[in-house]
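One structure is given here, and the rest of the page talks about it.
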Amino acid sequence: MMFRKIVLSAFAKAQTETPGNTKTQWADHLANSLWCEFNYQISRRTLLNYYNNYIEDAEAKELSPNARMIEKLCKYLGYPNYGAFILHQASIQSVKSNEHSQKFTYTLETDSYMEEVTILVRRKLFNPRNVA
Numbered sequence: 001m002m003f004r005k006i007v008l009s010a011f012a013k014a015q016t017e018t019p020g021n022t023k024t025q026w027a028d029h030l031a032n033s034l035w036c037e038f039n040y041q042i043s044r045r046t047l048l049n050y051y052n053n054y055i056e057d058a059e060a061k062e063l064s065p066n067a068r069m070i071e072k073l074c075k076y077l078g079y080p081n082y083g084a085f086i087l088h089q090a091s092i093q094s095v096k097s098n099e100h101s102q103k104f105t106y107t108l109e110t111d112s113y114m115e116e117v118t119i120l121v122r123r124k125l126f127n128p129r130n131v132a
C-alpha cells in the first residue's frame, strides 16, 4: 500500500510549512492543519507513531491507518481523495511506452460501508509534430 508514502509526504509538507525543525513540531502543525482545514481530529502522538514506524525502518510492516485518516492526509497533500493520489503515483511511476491498458482499483472501507472504484487507463503515444 501507499500509506507509507502518504504519511511521509504529509510530514515533508508540514516541514516546509512550519519554522519548526523537529518531527514533534511537524506533527503538531499537521494535526492542527487537519483539524482547521478538514475538521479532522487526530493526536500528534498518533501521527508521530506512524512517522516513526515508517522513517526508522523502511522494511517495517506497513501499518494500516483508518480510511478517514488516509483521505484527510491526501486532501492535505492537495489530492481530492486517495484514488486520485494512487492514480497520480501510478502515472508518474509506471508510465509505459505502449498502448496496453492499466487498471487500478481503489477501495475505501469505513465502519458503515465499502466503496470500490475501478479506473481503466489507456495511454496512446503520438509522435511529436514539428511545429514551426
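Taking this note's numbering, the leading residue of the sequence shown gets 1, the next gets one more, and so forth.
Ideal placement from N, C-alpha and C gives every residue a C-beta, glycine not left out.
Predicted model only: the values in this text are computed from it and were never measured.
Asked                                                                                         : Found
Leu34 to Glu17 span [Cα, whole Å]                                                             : 13 Å
Touch test, the segment 45-65 against the segment 74-89, Cβ-Cβ under 8 Å, three pairs minimum : no
Supposed contact pair Tyr51 and Lys23 - C-beta distance, whole angstroms, cut 8 Å             : 6 Å
Buried or exposed (CB count within 10 angstroms, at least 16 for buried), Lys72               : buried
Leu63 burial status per 10 Å Cβ neighbour count (16 or more: buried)                          : exposed
DSSP three-state assignment for Asn21, whether helix, strand or coil                          : coil
Which listed residue (Ala10, Leu77 and Arg68) has its alpha carbon closest to that of Trp26   : Ala10
Span of the alpha helix (DSSP H) around Ile70                                                 : Ala67 to Tyr76
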